[in-house]
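Report on the structure given below.
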Amino acid sequence: MTGTRLNVRTILGTMLAAGALLTAGACGGDDGSAPSPGGDSDPTETTEPGASETTDSAEKGTVAMSGQDFTEMQIMAEMYRQVLEGAGYTVDVNLVGTRDLYIKGLGNGQIDLVPEYLAGIADQLNGDKPFTTNDTQEALSAVEPLASDAGITMLEPSEATDQNAFFVTQDYAESNDVTALSDVAGVGDSVTLAAAPDCEGRGDCEGGLTEVYGIDIERILPTGFGTQQTKDAVLEDEAQLGLSGTTDASLDELGLVLLEDDKGIQPAQNLIPAVNSDFLTENPDVEALLNELSGTLTTDDLAGLNAQVDIERQKAADVAEAYLSEKDLI
């Protein structure tokens, strides 16, 4: 990669420290980031050898990878890591709470690779002005020039997609005859929303709920995206509405009900590799390796992988390895 490349742990450690200070100020000591499946909200560092690691794994150098720290991204980061290590790279993974902690580093070459969501990174690169299209290719065409200007190359989007989704308890749904988000507004009561720290004002989150659906959100609890804290807040009636994703397989088992996005505020959120452009120029084989994974992964696959971690309590590394082996990707 051109230019000076700092040690990934030093860089991300600095970003994490800054992020922790900012979030502590906003949340009164609760960092609000999405935790690991066991409920630990510390950022995840994944550097342990996987079954895909080869004896010459250092020959192609080190890949600095970041991303958001919740179950689905832990699994995606593991799959990226194991695919790349199988091809001879060494991969350092440091996951953080929110996108703004790594997006600048991805553009300037301090970070090489991030597993992303198509509309999510598009909004970030566009100054958080929402992209509302549900069409994958339309969204990709919109984000590619923004990414290029920022020093980032978007690879092939996967068929697998995970959109924001909002849930209530089964009791709330039955008592108020609620099946869709429009029904929540019709109940007429103000609600507390348990969600990710960056939900406020977003068109696919609090902004869309208030402006498009007319839901009166009294406050936001920054308990994270799809975390156990978020689910517990709704189950214990600290919040009436919670944020997760459409691939969250644990909701039914907990007695929680996903609501239909009947006014369509959720854009295309396909899983997609975002790569530093200079890094990709120097390591062009990375594109084919990750595109093969993207071309294999489906939404059903993703939901099943999430369930293995969140419900069956398997490790993300083990789940990723089994899937990649089954699909002949390692």
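Residue numbering for the sequence shown follows the working numbering, beginning at 4 and increasing consecutively. Here a beta-carbon is modelled for each residue, glycine too, at the ideal position from N, C-alpha and C. Treat the numbers as computed from the prediction; the structure is a model and nothing was measured.
Look at F169 here: in three-state DSSP terms it is strand. In this structure E119 does not touch I268 by the C-beta definition: roughly 20 Å separates them, more than the 8 Å allowed.
The continuous alpha helix (DSSP H) containing Y326 extends over residues A319 to E329.
For R222, the enclosing beta strand (DSSP E) stretches over residues I220 to L224.
Here DSSP, grouped into helix, strand and coil, assigns I333 to coil. By the CB criterion at 7 Å, M82 and A320 fall outside the cutoff.
In the same chain as Q317, and ignoring 5 residues on each side of it, the C-beta atoms closer than 6 Å to its own belong to Q311, in chain order. Cα atoms of V96 and T230: separation of roughly 21 Å, rounded to the nearest angstrom.
With 16 or more other CB atoms across the displayed protein chains lying within 10 angstroms of its CB, R205 is buried. Excluding residues up to 5 positions away in sequence, F170, K234, S247, V260 and L261 lie with their Cβ nearer than 8 Å to the Cβ of L254 in the same chain.
Taking D265 as reference, the option from A188, Y92 and M68 with the minimal CA-CA separation is A188. Non-local C-beta neighbours of A90 in its own chain, meaning closer than 6 Å and more than five positions away in sequence, comprise L292, ordered along the chain. Counting only runs of at least 4 residues, the region 109 to 180 fully encloses the following alpha helix (DSSP H) elements, listed from N- to C-terminal order: 121 to 128, 139 to 152 and 173 to 179. Within the DSSP secondary-structure output, L283 pairs in no beta bridge. In chain order, L196, A198, C202, E203, I220 and I223 place their CB closer than 8 Å to the CB of E209, counting only its own chain and leaving out the 5 sequence neighbours on each side. For L184, the uninterrupted alpha helix (DSSP H) segment begins and ends at L184 to V190. In this structure, DSSP gives E62 a state outside helix and strand, which the three-state scheme calls coil. A residue is called buried once 16 or more other Cβ atoms fall within 10 Å of its Cβ, and G298, having fewer, is exposed.
Looking at the DSSP output, L246 shares a beta bridge with F169. Rounded to whole angstroms, the separation of the alpha carbons of E295 and V181 is 41 Å. Looking at the DSSP output, I275 sits in a beta bridge with E119.
With a cutoff of 7 Å on beta-carbon distance, Q173 and G258 are scored as near each other. Ranked by Cα distance from G123, the options Q140, R102 and I114 are led by R102. In the structure shown, A310 falls within a helical segment according to DSSP collapsed to helix, strand and coil. Within a 10 Å sphere around the beta-carbon of S151 sit fewer than 16 other beta-carbons, which makes this residue exposed.
With respect to the 7 Å criterion, A142 and L158 are not classified as neighbours on the basis of their beta carbons. Contact between G307 and F73 does not hold, since the beta-carbon distance rounds to 17 Å and is not under 8 Å.
Note on geometry: alpha-carbon atoms of M76 and E263 lie some 24 Å from one another.
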